[in-house]
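The block underneath contains the structure these notes are about, expressed in C-alpha coordinates.
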Amino acid sequence: MVENVKPARRSPVNKRAEPRGARTVVREPIHEQILPHIRRDIVLNRWGPGERLPEMELCHEFGVSRTPLRNVLKILEVEGLIELVPHIGAVVTPFDSPDLAEKLDVMSGLEQLAAVRIAQLRPPEALSEIQRLHSEMNLAALDTDRTRYYALNDEFHRAIVLGSGNATLSKMHETIMWHVSRARNFANEQEVLGVRAAEHHTQIVEMILSGDAEGARLAMRTHLDDVISNILARFGPEQTIDSETGNDAA
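Spelled out as C-alpha coordinates, the structure:
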(Lines of atoms letter the chains of each structure in order from A; the text may use other names.)
(Lines give C-alpha, C1' and ligand atoms only; values in the text may rest on other atoms or scores of the structure.)
Protein backbone atom coordinates (compact mmCIF):
# COMPACT_ATOMS: atom_id res chain seq x y z
CA MET A 20 0.00 0.00 0.00
CA VAL A 21 1.32 3.31 -1.06
CA GLU A 22 1.01 6.02 1.49
CA ASN A 23 -0.38 9.37 0.47
CA VAL A 24 2.49 11.77 -0.04
CA LYS A 25 1.81 15.40 0.50
CA PRO A 26 3.40 17.68 -2.11
CA ALA A 27 6.45 19.45 -0.92
CA ARG A 28 5.71 22.90 0.35
CA ARG A 29 7.14 25.56 -1.93
CA SER A 30 9.23 28.29 -0.53
CA PRO A 31 7.65 31.72 -0.75
CA VAL A 32 8.53 33.45 -4.00
CA ASN A 33 10.27 36.78 -3.71
CA LYS A 34 8.73 38.63 -6.60
CA ARG A 35 11.29 41.38 -6.35
CA ALA A 36 14.04 38.80 -6.94
CA GLU A 37 12.45 37.70 -10.22
CA PRO A 38 12.03 40.81 -12.35
CA ARG A 39 10.26 40.48 -15.66
CA GLY A 40 13.38 41.48 -17.50
CA ALA A 41 16.86 42.49 -16.58
CA ARG A 42 17.28 46.27 -16.44
CA THR A 43 20.69 47.54 -17.36
CA VAL A 44 21.76 51.05 -16.58
CA VAL A 45 24.25 52.23 -19.18
CA ARG A 46 26.37 55.15 -18.19
CA GLU A 47 28.13 57.28 -20.75
CA PRO A 48 31.91 56.88 -20.79
CA ILE A 49 33.63 59.72 -18.98
CA HIS A 50 35.06 61.22 -22.16
CA GLU A 51 31.58 61.42 -23.71
CA GLN A 52 30.34 63.29 -20.65
CA ILE A 53 32.98 66.01 -20.83
CA LEU A 54 33.21 66.24 -24.64
CA PRO A 55 30.22 68.62 -25.09
CA HIS A 56 31.59 70.99 -22.45
CA ILE A 57 35.04 71.32 -24.01
CA ARG A 58 33.57 71.56 -27.51
CA ARG A 59 31.27 74.36 -26.35
CA ASP A 60 34.18 76.23 -24.77
CA ILE A 61 36.08 76.07 -28.06
CA VAL A 62 33.03 77.32 -29.99
CA LEU A 63 32.68 80.19 -27.51
CA ASN A 64 36.37 81.05 -28.01
CA ARG A 65 37.48 80.35 -24.47
CA TRP A 66 40.74 79.59 -26.25
CA GLY A 67 41.51 81.57 -29.36
CA PRO A 68 42.60 80.15 -32.72
CA GLY A 69 46.11 78.75 -32.45
CA GLU A 70 46.00 78.70 -28.64
CA ARG A 71 47.04 75.55 -26.78
CA LEU A 72 44.49 73.89 -24.52
CA PRO A 73 45.69 73.61 -20.90
CA GLU A 74 45.38 69.85 -20.50
CA MET A 75 46.33 69.59 -16.83
CA GLU A 76 44.01 72.46 -15.96
CA LEU A 77 41.16 70.70 -17.76
CA CYS A 78 41.88 67.43 -15.95
CA HIS A 79 41.60 69.29 -12.66
CA GLU A 80 38.48 71.19 -13.78
CA PHE A 81 36.58 68.03 -14.68
CA GLY A 82 38.17 65.79 -12.06
CA VAL A 83 39.44 63.26 -14.60
CA SER A 84 42.73 61.61 -15.49
CA ARG A 85 44.55 62.37 -18.72
CA THR A 86 43.20 59.26 -20.49
CA PRO A 87 39.56 60.44 -20.84
CA LEU A 88 40.77 63.91 -21.78
CA ARG A 89 43.02 62.49 -24.49
CA ASN A 90 40.02 60.58 -25.87
CA VAL A 91 38.11 63.86 -26.02
CA LEU A 92 40.97 65.57 -27.82
CA LYS A 93 41.13 62.82 -30.44
CA ILE A 94 37.44 63.31 -31.22
CA LEU A 95 37.82 67.09 -31.39
CA GLU A 96 40.70 66.64 -33.83
CA VAL A 97 38.54 64.45 -36.08
CA GLU A 98 35.85 67.14 -35.92
CA GLY A 99 38.42 69.69 -37.04
CA LEU A 100 38.17 71.92 -33.98
CA ILE A 101 41.71 71.26 -32.72
CA GLU A 102 45.04 69.95 -33.98
CA LEU A 103 47.22 67.58 -31.96
CA VAL A 104 50.72 68.90 -32.50
CA PRO A 105 53.66 66.66 -31.47
CA HIS A 106 55.63 67.99 -28.49
CA ILE A 107 53.16 70.87 -28.10
CA GLY A 108 49.73 69.41 -27.41
CA ALA A 109 46.19 70.27 -28.45
CA VAL A 110 45.97 73.54 -30.36
CA VAL A 111 42.73 75.21 -31.42
CA THR A 112 42.47 75.11 -35.21
CA PRO A 113 43.24 78.48 -36.82
CA PHE A 114 40.56 80.12 -38.94
CA ASP A 115 41.18 79.62 -42.65
CA SER A 116 39.11 81.94 -44.84
CA PRO A 117 38.65 79.66 -47.89
CA ASP A 118 37.67 76.71 -45.69
CA LEU A 119 35.33 78.91 -43.65
CA ALA A 120 33.69 80.23 -46.84
CA GLU A 121 32.93 76.65 -47.89
CA LYS A 122 31.37 75.84 -44.52
CA LEU A 123 29.28 79.01 -44.59
CA ASP A 124 28.04 78.11 -48.07
CA VAL A 125 26.95 74.68 -46.83
CA MET A 126 25.25 76.24 -43.80
CA SER A 127 23.30 78.59 -46.06
CA GLY A 128 22.10 75.76 -48.26
CA LEU A 129 20.99 73.68 -45.29
CA GLU A 130 19.12 76.52 -43.61
CA GLN A 131 17.39 77.56 -46.84
CA LEU A 132 16.18 73.98 -47.27
CA ALA A 133 15.06 73.91 -43.64
CA ALA A 134 13.11 77.14 -44.12
CA VAL A 135 11.31 75.61 -47.10
CA ARG A 136 10.44 72.42 -45.24
CA ILE A 137 9.20 74.07 -42.05
CA ALA A 138 7.05 76.47 -44.08
CA GLN A 139 5.54 73.50 -45.90
CA LEU A 140 4.99 71.36 -42.81
CA ARG A 141 4.20 74.15 -40.33
CA PRO A 142 4.49 71.92 -37.22
CA PRO A 143 2.70 73.75 -34.36
CA GLU A 144 5.35 73.19 -31.70
CA ALA A 145 8.17 74.35 -33.96
CA LEU A 146 6.23 77.45 -35.02
CA SER A 147 5.59 78.37 -31.38
CA GLU A 148 9.26 77.88 -30.56
CA ILE A 149 10.58 80.13 -33.33
CA GLN A 150 8.09 82.84 -32.37
CA ARG A 151 9.20 82.63 -28.75
CA LEU A 152 12.88 82.80 -29.65
CA HIS A 153 12.25 85.68 -32.05
CA SER A 154 10.54 87.68 -29.29
CA GLU A 155 13.34 86.97 -26.83
CA MET A 156 15.96 87.98 -29.40
CA ASN A 157 14.24 91.34 -29.85
CA LEU A 158 14.27 91.91 -26.09
CA ALA A 159 17.95 90.98 -25.86
CA ALA A 160 18.73 93.41 -28.68
CA LEU A 161 16.87 96.21 -26.91
CA ASP A 162 18.85 95.48 -23.75
CA THR A 163 22.07 95.37 -25.84
CA ASP A 164 22.75 92.00 -24.24
CA ARG A 165 25.02 90.66 -26.96
CA THR A 166 25.85 87.37 -25.27
CA ARG A 167 22.19 86.45 -24.83
CA TYR A 168 21.27 87.76 -28.28
CA TYR A 169 23.79 85.60 -30.11
CA ALA A 170 22.90 82.55 -28.02
CA LEU A 171 19.22 83.05 -28.89
CA ASN A 172 20.15 83.63 -32.51
CA ASP A 173 21.80 80.20 -32.68
CA GLU A 174 18.74 78.64 -31.00
CA PHE A 175 16.43 80.40 -33.47
CA HIS A 176 18.21 79.03 -36.52
CA ARG A 177 18.51 75.60 -34.91
CA ALA A 178 14.77 75.56 -34.17
CA ILE A 179 14.03 76.18 -37.85
CA VAL A 180 16.31 73.31 -38.84
CA LEU A 181 14.75 70.94 -36.30
CA GLY A 182 11.31 72.02 -37.47
CA SER A 183 12.14 70.75 -40.94
CA GLY A 184 11.57 67.21 -39.69
CA ASN A 185 14.67 65.99 -41.52
CA ALA A 186 17.03 64.17 -39.14
CA THR A 187 19.87 63.96 -41.67
CA LEU A 188 19.69 67.68 -42.37
CA SER A 189 19.65 68.40 -38.63
CA LYS A 190 22.77 66.30 -37.98
CA MET A 191 24.68 67.86 -40.86
CA HIS A 192 23.71 71.31 -39.64
CA GLU A 193 24.79 70.56 -36.07
CA THR A 194 28.23 69.45 -37.24
CA ILE A 195 28.83 72.41 -39.56
CA MET A 196 27.58 74.87 -36.93
CA TRP A 197 30.36 73.97 -34.49
CA HIS A 198 32.71 75.67 -36.92
CA VAL A 199 30.40 78.43 -38.12
CA SER A 200 29.37 79.42 -34.59
CA ARG A 201 33.01 79.60 -33.52
CA ALA A 202 33.78 81.95 -36.41
CA ARG A 203 30.59 83.95 -35.85
CA ASN A 204 31.30 84.36 -32.16
CA PHE A 205 34.84 85.46 -32.95
CA ALA A 206 33.67 87.96 -35.59
CA ASN A 207 30.79 89.31 -33.53
CA GLU A 208 33.19 90.37 -30.81
CA GLN A 209 33.96 93.29 -33.11
CA GLU A 210 30.39 94.01 -34.22
CA VAL A 211 27.53 96.03 -32.74
CA LEU A 212 23.90 94.96 -32.72
CA GLY A 213 21.94 96.35 -35.66
CA VAL A 214 18.34 96.49 -36.80
CA ARG A 215 18.96 94.86 -40.19
CA ALA A 216 19.33 91.35 -38.79
CA ALA A 217 16.22 91.85 -36.65
CA GLU A 218 14.24 92.86 -39.75
CA HIS A 219 15.50 89.78 -41.56
CA HIS A 220 14.44 87.51 -38.71
CA THR A 221 10.98 89.08 -38.68
CA GLN A 222 10.58 88.45 -42.40
CA ILE A 223 11.73 84.85 -42.04
CA VAL A 224 9.18 84.23 -39.28
CA GLU A 225 6.37 85.87 -41.25
CA MET A 226 7.08 83.80 -44.37
CA ILE A 227 7.21 80.56 -42.38
CA LEU A 228 4.00 81.29 -40.48
CA SER A 229 2.17 82.14 -43.69
CA GLY A 230 3.29 78.89 -45.30
CA ASP A 231 5.16 80.68 -48.08
CA ALA A 232 7.98 78.18 -48.68
CA GLU A 233 9.71 80.11 -51.45
CA GLY A 234 9.35 83.37 -49.54
CA ALA A 235 10.90 81.71 -46.48
CA ARG A 236 13.81 80.43 -48.55
CA LEU A 237 14.48 83.84 -50.08
CA ALA A 238 14.20 85.58 -46.70
CA MET A 239 16.66 83.11 -45.20
CA ARG A 240 19.03 83.51 -48.14
CA THR A 241 18.94 87.32 -47.91
CA HIS A 242 19.69 87.15 -44.20
CA LEU A 243 22.49 84.61 -44.51
CA ASP A 244 24.10 86.49 -47.40
CA ASP A 245 24.53 89.41 -45.00
CA VAL A 246 25.76 87.16 -42.19
CA ILE A 247 28.30 85.46 -44.43
CA SER A 248 29.55 88.75 -45.88
CA ASN A 249 30.06 90.20 -42.40
CA ILE A 250 31.94 87.15 -41.15
CA LEU A 251 34.20 86.83 -44.18
CA ALA A 252 34.93 90.57 -44.13
CA ARG A 253 36.27 90.09 -40.62
CA PHE A 254 38.67 87.37 -41.75
CA GLY A 255 39.65 88.58 -45.19
CA PRO A 256 39.69 86.57 -48.43
CA GLU A 257 42.87 84.54 -47.82
CA GLN A 258 43.64 84.97 -44.14
CA THR A 259 44.56 82.33 -41.63
CA ILE A 260 43.97 83.76 -38.17
CA ASP A 261 45.85 82.02 -35.41
CA SER A 262 45.56 84.15 -32.31
CA GLU A 263 42.91 85.68 -30.09
CA THR A 264 43.80 89.13 -31.36
CA GLY A 265 43.03 88.15 -34.93
CA ASN A 266 46.57 88.37 -36.30
CA ASP A 267 47.19 87.00 -39.78
CA ALA A 268 49.45 83.97 -39.71
CA ALA A 269 50.69 84.68 -43.24
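By this note's numbering, the letter at position 145 of the sequence shown is numbered 164, and the numbering carries on one by one without gaps.
Beta carbons are placed, not taken as given, at the ideal position from N, Cα and C, and that holds for glycine.
Just so you know, these numbers come straight off a predicted model, no measurement behind them.
When rounded, the separation of the alpha-carbon atoms in Asn64 and Ala186 is 28 Å.
CA-CA distance, Arg201 to Val62, rounds to 4 Å. Short of 7 Å from the beta carbon of Met156, and not among the five residues preceding or following it, lie these beta carbons of its own chain, in chain order: Tyr168, Leu171, Asn172, Phe175 and His220. The alpha-carbon separation between Phe114 and Gly69 amounts to approximately 9 Å.
Contact between Ala178 and Ala145 holds: CB atoms are separated by about 6 Å, below the 8 Å threshold. Of the candidates Thr86, Ser127, Leu237 and Glu218, the residue whose Cα lies closest to the Cα of Glu193 is Ser127. Going by C-alpha positions, Ser183 is about 7 Å away from Ala134.
Excluding residues up to 5 positions away in sequence, Ala138 lie with their Cβ nearer than 8 Å to the Cβ of Asp231 in the same chain. In this chain, the alpha helix (DSSP H) harbouring Gly234 covers Ala232 to Phe254.
In the DSSP assignment, Leu103 forms a beta bridge with Ala109. With a 10 Å radius around the Cβ and a threshold of 16 neighbouring Cβ atoms, Ala235 comes out buried.
No residue range can be given for Pro142, since it is assigned to no alpha helix (DSSP H) and is classified by DSSP as neither H nor E. DSSP, reduced to helix, strand and coil, places Arg177 within a helical segment of the structure shown. Spanning the alpha carbons of Met75 and His56 requires a straight line of approximately 16 Å. The C-alpha of Ser147 is placed about 33 Å away from the C-alpha of Leu100. Contact between Leu129 and Met191 holds, with the beta-carbon distance rounding to 6 Å and staying under 8 Å.
Counting only residues of its own chain and dropping the five nearest sequence neighbours on each side, Gln131 has a CB closer than 7 Å to the CB of Arg236, Met239 and Arg240.
Straight-line measurement puts the Cα of Val111 at about 13 Å from the Cα of Val91.
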